[in-house]
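For the protein sequence lines, the chains are A and B, in the order given.
For what it's worth, the numbering used here labels the leading residue of the first sequence as 30, then goes sequentially.
For what it's worth, the numbering used here labels the leading residue of the second sequence as 917, then goes sequentially.
Backbone N, C-alpha and C fix where the C-beta goes; we use that ideal spot for every residue, glycine too.
Remember, predicted model here, so these are calculated numbers, not experimental data.
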Amino acid sequence: NAGVMQNPRHLVRRRGQEARLRCSPMKGHSHVYWYRQLPEEGLKFMVYLQKENIIDESGMPKERFSAEFPKEGPSILRIQQVVRGDSAAYFCASSPPGQGAHSPLHFGNGTRLTVT
Amino acid sequence: RKEVEQDPGPFNVPEGATVAFNCTYSNSASQSFFWYRQDCRKEPKLLMSVYSSGNEDGRFTAQLNRASQYISLLIRDSKLSDSATYLCVVNMLQTGANNLFFGTGTRLTVIP
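Written out as structure tokens, the structure reads:
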């Protein structure tokens, strides 16, 4: 029973390139969340998605960042024209449907993005 | 004011000691509370949920005080393997989104 799978584990991009981070939720989970953790800081909520729907993107920067969770395949967090300040650990988490506010999240092992 | 605030520490304690962390939250309508543990450069992992009546899991005890809007975690008989950052997490359930707010974490080092 695989957990939340994220890839790649490490990603290096030059300034101006695009970064694509992938996340496959746990089996049976239909809710996906993306968080960002800057060095020495806490996790910051970015976006919450269900299949084919963005439910809450209040934590997403207005430009360059987008997320999707298609009907088939993993959730993708896309960062266009990366800048050094985008360097961080990006964690994906999932939760099962129907448990409302009381379901804890299961995290993937993260993608560490380094922008050079 | 931050949604969730924690003392960042670090807490350096000897093996066998008892240590307590506190966390305060700003939204009185918050519904769910959790403690997560994060090891260096790893993902957060759920340590325990926090219930209104308080709950215990082995050496770990979590308490919730809704009137004062704080959550605590008590670790008894500390082990070296308890060294980690402990994250206080609160579910604000804003706009129907099931999203969690994380504190910045309290770093614990247990010393032999």
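Asked, Found
"Beta-bridge partners of Arg42 (chain A), as assigned by DSSP", "A:Val144"
"Any C-beta of chain B under 8 Å from that of Asn138 (chain A)", "yes"
"Contacts that Gly970 (chain B) makes with chain A (C-beta to C-beta distance below 9 Å)", "Result: empty, since nearest Cβ-Cβ is about 16 Å, beyond 9 Å."
"Ala96 (chain A) versus Gly32 (chain A): straight-line alpha-carbon distance, rounded", "20 Å"
"In DSSP terms, what Met34 (chain A) is bridged to", "A:Ser53"
"Partner residues on chain B for Glu70 (chain A), Cβ-Cβ distance less than 7 Å", "Thr1020"
"Residue-level contact to chain A via CB, Lys958 (chain B), 8 Å cutoff", "yes"
"Own chain partners of Val966 (chain B) with C-beta closer than 6 Å, once the 5 adjacent residues on each side are dropped", "Phe949, Ala978, Leu980 and Ile987"
"C-alpha distance - Leu990 (chain B) paired with Asp923 (chain B), whole-angstrom precision", "14 Å"
"Alpha-carbon to alpha-carbon, Phe74 (chain A) and Asn928 (chain B)", "29 Å"
"C-alpha gap between Val920 (chain B) and Val111 (chain A), whole angstroms", "29 Å"
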